[in-house]
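So the structure is just underneath, and the comments pick up after that.
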Amino acid sequence: MSTHKNVNSPPSASDIELAHKGKQVLRKLISDNVSSYSIKVIRNDEEPKIIQLPAIAISLLADALNEISNGSSVKVIPQQPELTTQEAADVLNVSRPFLIKLLESGQIPFHRVGTHRRIKHKDIIEFTLNGDNKK
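So the mapping is simple: my numbering equals the position in the sequence shown, first residue as 1, plus 17.
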């Protein structure tokens, strides 16, 4: 795959084709009862490197390849145990003022750090899984 300087740029036609082939291979190899995978990385004429990756990383790679094969750009965003109101609003895909209303109405638990509200990431995930995300 080509290296993209701008992660928001759409993938090229060759990226889409490679991602499609890669996702098909990975999906066949992924198993629920495997905790890690060894992957051989070959770059140009260098010696191959074998790296051990956790199963979750392979699953994320397969998901990313699926999105790229559909022509979408992909961005990985690390999840912190606690989120700011803006981060939580971004996860829920709602405005920050709307999230504040959800917090103040007690629909999503939060606590304060000084004057700032903090929301546990697990509470945001629980809120979305329970179907409470009414925009």
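Quick reminder that beta carbons are idealized off the backbone N, C-alpha and C, glycines included. What you are looking at is a predicted structure, and each value in this text was computed from that prediction instead of being measured.
Comparing alpha-carbon positions, the option among I136, N87, P98 and Q97 lying closest to L116 turns out to be I136. Non-local beta-carbon contacts of H128 in its own chain, meaning distances under 7 Å to residues more than five positions away in sequence, involve R135 in chain order.
According to the DSSP assignment, R113 belongs to the alpha helix (DSSP H) that extends over R113 to E121. The straight-line gap separating the alpha-carbon atoms of A105 and I141 is approximately 7 Å. DSSP, read as helix, strand or coil, puts Q69 in strand. Contact check between the segment 34-45 and the segment 84-103: three or more CB pairs, one atom from each, fall below 8 Å, which counts as touching. With 16 or more other Cβ atoms inside 10 Å of its own Cβ, L109 counts as buried.
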